[in-house]
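> This is the structure I want to talk about, given as structure tokens.
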Amino acid sequence: MKAIIATTILGIIMMFAGIMAKEKKPLTTLATILLVILLGVNIWDLTNTSSLAPESLFNNMLRIDRYALWFNTLMTGCTLLYVLLVGREIQKVGEHVAEYFALIFFILCGVYLLSCYNNLLILFIGIEIMSIPQYILAGSDKRNLKSSEASLKYFLMGAFTTGILLMGITLLYGATGSFNIVSFSFLQSDHLNTLALAGILFIMMAFSFKVSAAPMHMWTPDVYDGSPTAFTAYMATIVKAAAFFAFLRLFQVSFGSLSSHWTFVLAIITAATLLVGNLTAVFQQSVKRMLAYSSIAQAGFMLFAILAVNAVAWQGIIIYAVAYSIATIGIFTVLMKLKDYTYDGFNGLAKKEPLLAFVSTIFLFSLAGIPLTAGFMAKYYVLQALIQQGSLLWLVIFGLLMASISVYYYFRVIIAMYFKQGAAELNSPVSGTDKFMLVFTCFLVILLGIFPQLLLGNI
Amino acid sequence: MKFLLLAVDQNTPFNYFPVALQLAIAIGFVIVMMAATHLLGPKRKTHDKLANFESGIPSVGNARQPMAIKYFLVAILFVLFDVEVIFFYPYAVNFRELGKDGFYAVLLFVGFFFCGFFYIIKKKALEWED
């Protein structure tokens, strides 16, 4: 609650700092300090809320529980890590650095609303607050045609899906007469309500678009490829994780008891996402585009948690969100250091910058789900959740098969770095701070791979 | 007309029958009207009639030309202030009932809005000369 207010005010402070500041560098420093404050506010919120009695605010519009607060804290931490790693690249995108950071604060506001909504209207507002800054960030490289294309495409598709989401909310309201996600009347009644089921389907489609699940994934590669890489790293990680958390909240809290009606549709979406994401990633030439498809593939695994509808799913989504975010931000940071985004651009990186090659190997291991990295534990938890659910074992096996395909395209980067001859050209020199932050991120990936309970102990 | 009254009472999809009926009538009306004008009206096409009408001035070139971004900026900012007014109308009507809490809420809204206004002024979005 305090965090929602704090992030808005800090965003506005950031906006005005842009008018005062003459140079770009102090702005990054300011954004880092403000994010540390925001993290502090989040922790303050967390210590003030007991695990037994969730807090209800604004006529029951928000329901703040420990899961939501802990998720917010973790996402704020990931944002801080992101700014520390990518801050200098954000400065290079364009003139309006303060606004970029302000928009990131506003996105965080949307993330907070999405993690603790108790009312479909707040869900709608949260999704909008989270999406609109992204449309701007996607087009922030104004002179670049690709960036403008990404922005416009994202905006048009996003606006259209918002319409579908609203339609779903309307149908649910028509069926039950309530926006409150815990008091839907079909939860109690036995008879089937066609309007409500149609509404659930519409909402599922809208969420599938936001988390880029197939067949609603078409926008993802173009938008991720076209946007400035610094912002792709944010869109692909924290925003996606927040959309998943909101997805899980709604489908577990409200529609969980109806899971027999929607599980099969979502299972097909999941299987399609895994198949399309992994197979298309294999054929990519650009690593940035490969990472876009890999984010679709990872979304497939996160969908497992939503299918599972049990307690492990909550743990799974939290671990997956953090593990995936950290590793993806890390690999994007390495990518931004390189001049050439194709696989060939990575040739011989291990000789030139052994540290850079080593950390990106760890990040790629984590994305592929190799043991002792955070990605392995994340995949372990979501698969365990789905196995406990019991009726979708075919999907578990299919997921494992697809995970083994993903190893191919992640390892192609590692092979290029270590075993191919060439002189990988760097965009900018790797400074001591960069090295320290990358090693720290790498350390986090391994730490979470060994002690995943660190992410769950606080709930 | 008894079945329409019946629809109001029961909580079934049949409830929505009047809505469907009205939709059908609305679409039907448009189709009938358009078809009737096409079929019944006389058509005398002359060159002058088909030319674009621009307030009596002879038309010059294509209308789709790039124009200064400043027009769009002003248009967008106008929408922003327009939205502010949309919030004020219902507040003015419910001014007494909402009491002190309502007043503070609107004050907060105006405060945030003022921040935005200050920001556009400082960003020189309203200055026309370079």
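Residue numbers (the numbering used here), protein chains in the order written: chain A, 215 to 673; chain B, 62 to 191.
Note that beta-carbon positions come from the ideal geometry of N, C-alpha and C, so glycine has one too.
No experiment lies behind these values; they were computed from the predicted model shown.
1. Taking 8 Å as the threshold (C-beta atoms), are proline 347 of chain A and isoleucine 383 of chain A in contact?
2. Can you grab the Cα-Cα spacing for the pair glycine 388 of chain A / tyrosine 180 of chain B, in whole Å?
3. According to DSSP, is alanine 68 of chain B part of a helix, a strand, or is it coil?
4. In chain A, which residues lie with their C-beta within 8 Å of the C-beta of tyrosine 200 of chain B?
5. Just the C-alpha distance for isoleucine 619 of chain A and leucine 493 of chain A, rounded to the nearest angstrom, thanks.
6. Using a cut-off of 8 Å between C-beta atoms, extract the partners of isoleucine 218 of chain A located in chain B.
7. Quick one: any contact between the stretch 625-632 of chain A and the stretch 570-580 of chain A, if contact means 3 or more CB pairs under 8 Å?
8. Please report whether the beta-carbon of isoleucine 226 of chain A lies at a distance below 8 Å from any beta-carbon of chain B.
9. Write down the C-beta distance between methionine 449 of chain A and phenylalanine 315 of chain A rounded to the nearest angstrom, noting that I regard them as a contact closer than 8 Å.
10. On the DSSP bridge list, what partners appear for leucine 640 of chain A?
11. Along the beta strand (DSSP E) that carries leucine 271 of chain A, what are the first and last residues, could you check?
12. Could you tell me whether the stretch 534-551 of chain A touches the stretch 289-308 of chain A, using the rule of 3 or more Cβ pairs below 8 Å?
13. I want to verify the contact list: residues of chain A whose CB lies under 8 Å from the CB of lysine 184 of chain B, in sequence order.
14. Determine the DSSP secondary structure at arginine 125 of chain B, reduced to helix, strand or coil.
15. In chain order, which alpha helix (DSSP H) runs of at least 4 residues are fully inside the stretch 473-502 of chain A?
16. Of all the alpha helix (DSSP H) runs that stay within the bounds of the stretch 108-157 of chain B, which reach a length of 4 or more residues?
17. Which residues in the same chain have their Cβ closer than 7 Å to the Cβ of asparagine 394 of chain A, if we skip the five residues on either side of it in sequence?
18. Does isoleucine 395 of chain A come out as helix, strand or coil in the three-state DSSP assignment?
19. To the nearest angstrom, report how far apart lysine 553 of chain A and valine 307 of chain A are at their CA atoms.
20. Taking Cβ positions only, does proline 268 of chain A come closer than 8 Å to chain B?
21. Take tyrosine 296 of chain A as the anchor and find which of A/Leu366, A/Arg626, A/Thr242, A/Ser264 has the nearest alpha-carbon.
22. Hey, leucine 271 of chain A and isoleucine 278 of chain A are a contact pair by Cβ (cut 8 Å); roughly how many whole angstroms apart?
23. Buried or exposed, going by whether 16 or more other CB atoms sit within 10 Å of the CB of tyrosine 196 of chain B?
24. How many Å lie between glycine 491 of chain A and valine 425 of chain A at the Cα?
25. Please work out which residues of its chain come closer than 6 Å, Cβ to Cβ, to tyrosine 595 of chain A, disregarding the five sequence neighbours upstream and downstream, and give them in chain order.
26. Where does arginine 302 of chain A fall in DSSP's three states?
27. Which residues does DSSP pair with tyrosine 331 of chain A in a beta bridge?
28. Is DSSP giving alanine 81 of chain B helix, strand or coil here?
29. Could you give the distance in angstroms between the alpha-carbon of alanine 136 of chain B and the alpha-carbon of phenylalanine 469 of chain A?
30. Measuring only the C-alpha atoms, how far is isoleucine 510 of chain A from leucine 488 of chain A?
31. Leaving out five residues before and five after alanine 428 of chain A in sequence, what residues of the same chain have Cβ atoms less than 6 Å from its Cβ?
32. Which residue wins for smallest C-alpha separation from alanine 460 of chain A, given the options A/Thr443, A/Ser539, A/Ile417, A/Gln602?
33. What is the DSSP secondary structure of tryptophan 189 of chain B, reduced to helix, strand or coil?
34. What is the residue span of the alpha helix (DSSP H) that arginine 463 of chain A lies within?
35. Closest by CA to alanine 235 of chain A, which one among A/Val311, A/Ala217, A/Leu276, A/Leu283?
36. Would you report the Cα separation of glutamate 639 of chain A and serine 500 of chain A, rounded to the nearest angstrom?
So, from the listed chains and residues:
1. To locate residue 383 of chain A, count along the first sequence from 1; it is residue 169. To locate residue 347 of chain A, count along the first sequence from 1; it is residue 133. Pairing isoleucine 383 of chain A with proline 347 of chain A gives a Cβ-Cβ distance that is not under 8 Å.
2. The residue labelled residue 388 of chain A in the question sits at position 174 within the first sequence. The residue labelled residue 180 of chain B in the question sits at position 119 within the second sequence. Rounded to the nearest whole angstrom, the CA to CA distance from glycine 388 of chain A to tyrosine 180 of chain B is 42 Å.
3. Here the question's residue 68 of chain B lines up with position 7 in the second sequence. Note that alanine 68 of chain B has pLDDT 45, beneath the 50 cutoff, so the model's placement of it is unreliable and the number below is only indicative. Residue state, collapsed to three classes: helix.
4. Residue 200 of chain B lies beyond the range of chain B shown here (62 to 191); nothing can be said about it.
5. As a first step, residue 619 of chain A is located in the first sequence; it is residue number 405 there, counting from the start. As a first step, residue 493 of chain A is located in the first sequence; it is residue number 279 there, counting from the start. Roughly 8 Å separates the two Cα atoms.
6. Counted from its first residue, the first sequence places residue 218 of chain A at position 4. Below the 8 Å Cβ cutoff, chain B contributes no neighbours of isoleucine 218 of chain A, its closest Cβ being approximately 14 Å away.
7. Result yes; three or more Cβ-Cβ pairs closer than 8 Å.
8. Reading the first sequence from its first residue, position 12 is the one you call residue 226 of chain A. Closer than 8 Å to the CB of isoleucine 226 of chain A there is at least one CB belonging to chain B.
9. The residue given as residue 449 of chain A occupies position 235 in the first sequence. The residue given as residue 315 of chain A occupies position 101 in the first sequence. In fact, because the Cβ distance is near 15 Å, the residues do not count as touching under 8 Å.
10. The sequence position of residue 640 of chain A within the first sequence is 426, counting from 1. Beta-bridge pairing by DSSP links leucine 640 of chain A to A/Leu552.
11. The residue labelled residue 271 of chain A in the question sits at position 57 within the first sequence. Following the DSSP letters along the chain, one finds leucine 271 of chain A inside the beta strand (DSSP E) bounded by residues 269-271.
12. Yes, they touch.
13. Within the second sequence, the letter at position 123 stands for residue 184 of chain B. By Cβ distance, chain A contributes Ile233.
14. Here residue 125 of chain B is taken as the residue at index 64 of the second sequence, counted from 1. Assigned with DSSP and collapsed to three states, arginine 125 of chain B falls in coil, not helix or strand.
15. Complete alpha helix (DSSP H) runs here, min 4: 473-496.
16. Entirely contained in the stretch 108-157 of chain B, the alpha helix (DSSP H) runs reaching 4 residues are, in chain order, 108-111, 130-154.
17. Position 180 of the first sequence, counted from the start, is the residue given in the question as residue 394 of chain A. Taking C-beta separations shorter than 7 Å and ignoring five residues to either side along the sequence, the partners of asparagine 394 of chain A in its chain run Asn274, Asn332, Asn333, following chain order.
18. Indexing the first sequence from 1 puts residue 395 of chain A at position 181. In the displayed model, isoleucine 395 of chain A falls within coil according to three-state DSSP, outside both helix and strand.
19. Stepping through the first sequence from its first residue, residue 553 of chain A is reached at position 339. Stepping through the first sequence from its first residue, residue 307 of chain A is reached at position 93. The straight-line gap from Cα to Cα measures roughly 15 Å.
20. Your numbering for residue 268 of chain A matches position 54 in the first sequence. Contact of proline 268 of chain A with chain B is not assigned, every C-beta pair being separated by 8 Å or more.
21. What you label residue 296 of chain A is simply residue 82 of the first sequence in a count that begins at 1. Checking every option, the nearest Cα to that of tyrosine 296 of chain A belongs to A/Thr242.
22. Here residue 271 of chain A is taken as the residue at index 57 of the first sequence, counted from 1. Here residue 278 of chain A is taken as the residue at index 64 of the first sequence, counted from 1. With 8 Å as the limit, leucine 271 of chain A and isoleucine 278 of chain A qualify as a contact, their Cβ atoms being about 7 Å apart.
23. Outside the shown range of chain B, which is 62 to 191, sits residue 196 of chain B, and nothing can be said about it.
24. One-based indexing of the first sequence puts residue 491 of chain A at position 277. One-based indexing of the first sequence puts residue 425 of chain A at position 211. A direct Cα-to-Cα measurement between glycine 491 of chain A and valine 425 of chain A gives close to 13 Å.
25. For the purposes of this step, residue 595 of chain A is taken as residue 381 along the first sequence, with counting starting at 1. In the same chain as tyrosine 595 of chain A, and ignoring 5 residues on each side of it, the C-beta atoms closer than 6 Å to its own belong to Gln529, Gly530, Ile533, in chain order.
26. On the first sequence, position 88 is the one that residue 302 of chain A refers to. Helix.
27. Translated into positions along the first sequence, residue 331 of chain A becomes position 117. In DSSP, tyrosine 331 of chain A forms a bridge with A/Leu276.
28. Indexing the second sequence from 1 puts residue 81 of chain B at position 20. Three-state DSSP puts alanine 81 of chain B in a helix.
29. Start at 1 with the first residue of the second sequence, and residue 136 of chain B comes out as number 75. Start at 1 with the first residue of the first sequence, and residue 469 of chain A comes out as number 255. C-alpha separation (whole angstroms): 43 Å.
30. Position 296 of the first sequence, counting from 1, holds the residue named residue 510 of chain A. Position 274 of the first sequence, counting from 1, holds the residue named residue 488 of chain A. Leucine 488 of chain A has its alpha-carbon roughly 7 Å from the corresponding atom of isoleucine 510 of chain A.
31. Here residue 428 of chain A refers to the residue found at position 214 when the first sequence is read from its first residue. Excluding residues within five positions, the ones whose Cβ falls inside 6 Å are Ala486, Thr487, Val490.
32. In the first sequence, counting from the first residue as 1, residue 460 of chain A sits at position 246. With distances taken between Cα atoms, alanine 460 of chain A lies closest to A/Ile417.
33. On the second sequence, residue 189 of chain B is found 128 positions in, with the first residue counted as 1. Tryptophan 189 of chain B falls in the coil class under three-state DSSP.
34. Taking the first residue of the first sequence as position 1, residue 463 of chain A is located at position 249. Its alpha helix (DSSP H) spans residues 454-463.
35. Residue numbering aside, residue 235 of chain A sits at position 21 when the first sequence is read from its first letter. From the listed residues A/Val311, A/Ala217, A/Leu276, A/Leu283, the smallest Cα separation to alanine 235 of chain A is found for A/Val311.
36. One-based indexing of the first sequence puts residue 639 of chain A at position 425. One-based indexing of the first sequence puts residue 500 of chain A at position 286. C-alpha separation (whole angstroms): 15 Å.
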